[in-house]
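In terms of the working numbering, the sequence shown opens at residue 1026 and continues consecutively.
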Amino acid sequence: MSKTDTSEQQEALGDAGAQLSTAPQEDTAIGGPTLGAIGWIRWFWRQLTSMRVALILLFMLSLGAVPGSLIPQNSADELKVRAFKDAHETLTPLYEKLQFFDVYSSVWFSAIYILLFVSLIGCIVPRTWQFVGQLRSRPPGAPRRLDRLPAHTTWRTEAEPERVHAAALAVLKGRRFRAHAVGNAVAAEKGYLREAGNLAFHIALIVMLVAFAWGQLFKSEGGKLIVEGDGFSNTLTQYDDFKSGSQFGTDELTPFSFTLDSFTGTYQKDGPQRGTPRTFEAAVSYSRGGADEKAVIRVNEPLEVGDSKVYLIAHGYAPVVTVKDGRGKTVFHGAVPLLPIDNNITSTGAIKVMDGYRDKNGKKEQLGFKAFFVPTFAGEGKGTMFSQFPALGFPVMALTGFHGDLRVNSGLPQNVYQLDTTKMKQFKIDGGTGVAQRMLPGETMTLPDGAGSITFEKDIKEWASFQISQQPGNGLALTGAIAAIAGLTGSLFIQRRRVWVRAVRGEDGVTVVEMAGLGRSESAKLPEELGDLALALTAEAPPTASEPEPAEEPAEDPVPSGEADK
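Shown next as structure tokens:
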């Protein structure tokens, strides 16, 4: 279609084809005057607040989050970050310059986030006011040439034009169109919820951005490993590790406590899924405000206490051991949690005797044992010492003893599950490998030279690891997500369209009825709907005997698709 034809159609449509959406029209400066400083600022603002740029920024934000999910983050686990740096010495300097270890607090991620926020607000506010104005206004009058619209039909009738207009108003309002008589025609419009859904979708994105920022600033999250029979109180000193947002105060921790009464874990015993957990739950007793209650925490079924949620995230075994000195005095007795290293809960850890032990000469000393535990041993001579099943079928523990200085008082942080042997000497024992001994529950390993003994008690306890978190933005984010889906559904499946009915008396005294429709975008449903409306209208304005039944007629010269979007 030539430019002349396009301009003629625009002139013919007039206001009838305008304001079918609130999308701002794009101005082009080709051949225009040179932009000054104010002009460039205005151009930049229009570009930033366009929906196209908002979608690009949203894509960049999701793309920018990829390094945060693939590369360890300081905010989540500093030990993993340190291990990653040690293993990737070449990449580490580049990642540090790009702030890949602190993605969500980096300058570039924050810039994208803020630009997206400004873009959405700058785009939505004017479109909202424009949409409100459209809701308060009436559908525009009919264009001069209804026969040039994408869907149109016409017929002749003996009914008076006034009767046709009154019948058209009744039919259109009965189909929930906003309709009124203007000039020699009836104008109607429907589908306003399409633009409402579009605005709701983008407002919901802002709500989700606010919820994300709120959650990051005021969140708290910590972990705690608890052995059966032990408890936890929600205070900062009780956590094994704790992270919080920059605006979170420790006085905002929900006051409560709980005790791990028991842990229950069952596993598939045969088939291709052998060893897969079937039951994984922790029975707890919790208290808030003096009232004791019972609860069971399962995976994805946290305990909710006030604003806090307690999640069950891991499980393992804690063998009970007793350590005595050379005089038979008990210097240590308790359950020692060991960390799993595979799916069958083969576990390792350390037993540390820091106080109360003296050697045969009465000198104060410290003891340490490296422990390797398997809940189900394969048996003597049946491969390496790795567990064959997660449950306690044939528990065995191997111990390697050391004496000297554990360096727990050196001032340096120390992993409780690892043993620092730089200032210690290894015991040489009879049996086993000479330095380590494999033990069954109830057995005792005697240390050489009257150094004492260590007993692997028959009581093997289980432990569970919990994550206690406060996420204040979760409810707001969920609301935003639901609103975004609802708004997107409306904007995709609702079509905004206009219908005009014109009835004029011809020179021969017979009324000529024209009906036409215009949608924001091309749709096969518009001609069908127009045909249904025309059929309903013929009940009050039947065609003359010489005229065929009203039917849809394709436009000889349809409006270009870009015209309806304006």
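Even glycine gets a Cβ: it sits at the ideal position worked out from N, Cα and C.
Chain C contact for residue i (CB, 9 Å cutoff)
| i | result |
| --- | --- |
| Glu1253 | As a matter of chain content, chain C is missing from the structure shown, which is built from one protein chain. |
The beta strand (DSSP E) enclosing residue i, as first and last residue numbers
| i | result |
| --- | --- |
| Lys1395 | Gln1391 to Val1399 |
| Ala1176 | Ala1176 to Thr1182 |
| Gly1247 | Ser1245 to Val1252 |
| Arg1203 | Arg1203 to Val1207 |
| Tyr1342 | Ser1333 to Lys1349 |
| Gln1462 | Ala1461 to Met1464 |
| Asp1266 | Asp1266 to Ser1269 |
| Lys1215 | Ala1210 to Lys1215 |
| Glu1565 | Where Glu1565 is concerned, there is no enclosing beta strand (DSSP E), given that its DSSP letter is neither H nor E. |
| Glu1329 | Leu1328 to Val1330 |
Distance CB(residue i)-CB(residue j) smaller than 9 Å
| i | j | result |
| --- | --- | --- |
| Ala1396 | Ile1376 | yes |
| Ala1079 | Ala1566 | no |
| Ile1479 | Phe1394 | yes |
| Phe1003 | Met1410 | No answer is possible for residue 1003: it lies beyond the span of the chain, which begins at 1026 and ends at 1591. |
| Val1106 | Gln1098 | yes |
| Ala1193 | Ala1528 | yes |
| Leu1337 | Phe1305 | yes |
| Gly1089 | Ile1149 | no |
| Leu1328 | Ala1343 | no |
| Val1526 | Val1189 | yes |
| Ala1508 | Ile1228 | yes |
| Val1627 | Gly1498 | Residue 1627 lies beyond the stretch modelled for the chain, which goes from 1026 to 1591, so this question has no answer here. |
| Ala1176 | Ala1541 | yes |
| Leu1224 | Gly1512 | yes |
| Phe1452 | Leu1472 | yes |
| Val1399 | Ser1372 | yes |
| Gly1505 | Met1233 | yes |
| Ser1516 | Phe1156 | no |
| Pro1302 | Gly1341 | no |
| Pro1568 | Arg1181 | yes |
| Ser1144 | Leu1073 | yes |
| Gln1272 | Phe1237 | no |
Residue closest to residue i, alpha-carbon to alpha-carbon, out of the options
| i | options | result |
| --- | --- | --- |
| Gly1270 | Glu1246, Tyr1382, Ile1231 and Gly1315 | Glu1246 |
| Arg1173 | Trp1133, Glu1539, Ile1081 and Gln1298 | Glu1539 |
| Gly1314 | Phe1452, Lys1349, Ala1221 and Asn1259 | Asn1259 |
| Gly1353 | Lys1385, Arg1323 and Phe1126 | Lys1385 |
| Lys1268 | Gln1241, Gly1093, Gln1439 and Thr1471 | Gln1241 |
| Ala1112 | Lys1453, Ile1096 and Ser1100 | Ile1096 |
| Thr1401 | Phe1419, Glu1390 and Gln1391 | Phe1419 |
| Ile1454 | Thr1447, Val1441, Ala1476 and Gln1439 | Ala1476 |
| Leu1082 | Phe1109, Val1421 and Leu1140 | Leu1140 |
| Ala1564 | Thr1117, Val1143 and Ala1191 | Ala1191 |
| Ala1555 | Phe1202, Phe1109 and Met1076 | For clarity, residue 1555 is Leu in the given sequence; the question names Ala instead. Checked all of Phe1202, Phe1109 and Met1076; the closest Cα to Leu1555 is Phe1202. |
| Gly1374 | Ala1360, Tyr1382 and Gly1381 | Ala1360 |
| Gly1351 | Glu1187, Ala1221, Met1470 and Gly1505 | Met1470 |
| Val1324 | Gln1443, Gly1300 and Gly1290 | Gly1290 |
| Met1379 | Asn1368, Glu1253 and Gln1391 | Gln1391 |
Paired residues, beta bridge with residue i - DSSP
| i | result |
| --- | --- |
| Ile1376 | Phe1394 |
| Leu1543 | Arg1523 |
| Lys1450 | His1428 |
| Leu1364 | Thr1373 |
| Gln1492 | Gly1248 and Tyr1336 |
| Ser1282 | Ser1258 and Ser1312 |
| Phe1419 | Thr1401 |
| Arg1383 | Lys1389 |
| Thr1536 | Thr1182 and Arg1530 |
| Glu1487 | Tyr1342 |
| Ser1478 | Lys1349 and Thr1471 |
Near the ligand SAM: residue i beta-carbon under 8 Å from a heavy atom
| i | result |
| --- | --- |
| Arg1181 | Among the components modelled here there is no ligand, and therefore nothing to report on the ligand SAM. |
Range covered by the alpha helix (DSSP H) that runs through residue i
| i | result |
| --- | --- |
| Pro1186 | Pro1186 to Gly1199 |
| Gln1159 | Val1132 to Arg1161 |
| Val1078 | Met1076 to Gly1089 |
| Glu1532 | Note, Glu1532: premise wrong, no alpha helix (DSSP H); not H, not E. |
| Phe1518 | Asn1499 to Phe1518 |
| Thr1471 | No alpha helix (DSSP H) holds Thr1471; the beta strand (DSSP E) holding it covers Thr1469 to Leu1472. |
| Arg1313 | Unbroken run through Arg1313 is the beta strand (DSSP E), Pro1302 to Arg1313; no alpha helix (DSSP H). |
| Arg1323 | No alpha helix (DSSP H) holds Arg1323; the beta strand (DSSP E) holding it covers Ala1316 to Arg1323. |
| Phe1069 | Ala1062 to Leu1073 |
| Lys1122 | Leu1116 to Lys1122 |
Evaluate contact between the region 1302-1316 and the region 1272-1286, counting only Cβ atoms and requiring at least three cross-stretch pairs below 8 Å. Cβ pair count under 8 Å is three or more, so yes.
Would you say the region 1459-1470 touches the region 1419-1434, given that touching needs at least three Cβ pairs under 8 Å? Under the three-pair Cβ rule at 8 Å, the region 1459-1470 counts as touching the region 1419-1434.
Tell me, please, whether the region 1314-1331 touches the region 1273-1282 by the rule of three or more beta-carbon pairs shorter than 8 Å. Yes: the two stretches touch, three or more of their Cβ pairs being nearer than 8 Å.
Mind the definition here: the region 1490-1497 touches the region 1236-1256 only if three or more C-beta pairs lie below 8 Å; say whether that holds. Result yes; three or more Cβ-Cβ pairs closer than 8 Å.
Are the region 1509-1521 and the region 1161-1168 in contact at 8 Å, needing three or more beta carbon pairs? No, the region 1509-1521 is not in contact with the region 1161-1168.
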